[in-house]
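As structure tokens, the structure follows; a few thoughts come after it.
Numbering (the working numbering), first residue to last: 4 to 127.
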């Protein structure tokens, strides 16, 4: 069975790009908001989440807290979450890890880099 990925990004272009890069390797779904993500996660237990750090409705750190809280309250496990971000630097990476992110995919990204990071975090 192929691994499943949920993309949370308010940019349709990014969602479509990730789908195009990943759909031959993984089952990919995408949403544009945290509320849509919570609904999707109640329906399907995704293996990995890609979460944009700069959503229109909220920042990725607040979104991560909301995902963790809501899934915990529902008794559902939170899959590993990778941040999608152009931000860089050791301090930023430390903040991500402290907030519970499993890692980061640096924007802009190439197909091979994206697939490599995803496969690493899925353990394949």
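Glycine is no exception: its CB is placed at the ideal position from the N, C-alpha and C atoms.
Note that the coordinates shown come from a computational prediction; the quantities given were computed from them, not determined experimentally.
Here the region 37–46 does not lie against the region 108–125, with fewer than 3 beta-carbon pairs under 8 Å apart. The continuous beta strand (DSSP E) containing residue 86 extends over residues 84–88.
Out of 38, 69, 112, 68, the CA that lies nearest to the CA of residue 87 is found in 112. When Cβ pairs closer than 8 Å are counted between the two stretches, the region 62–78 is seen to touch the region 93–113, the count reaching three or more.
Counting the other CB atoms within 10 Å of its CB gives residue 82 a total of 16 or more, which places it among the buried residues.
Residue 57 and residue 4 have their alpha carbons spaced roughly 32 Å apart. The DSSP-derived three-state label of residue 81 is coil. For residue 114, the enclosing alpha helix (DSSP H) begins and ends at 114–125. Burial state of residue 124 is buried, judged by a 10 Å Cβ sphere holding 16 or more other Cβ atoms.
In the three-state reduction of the DSSP assignment, residue 57 falls in the strand class, which pools E and B.
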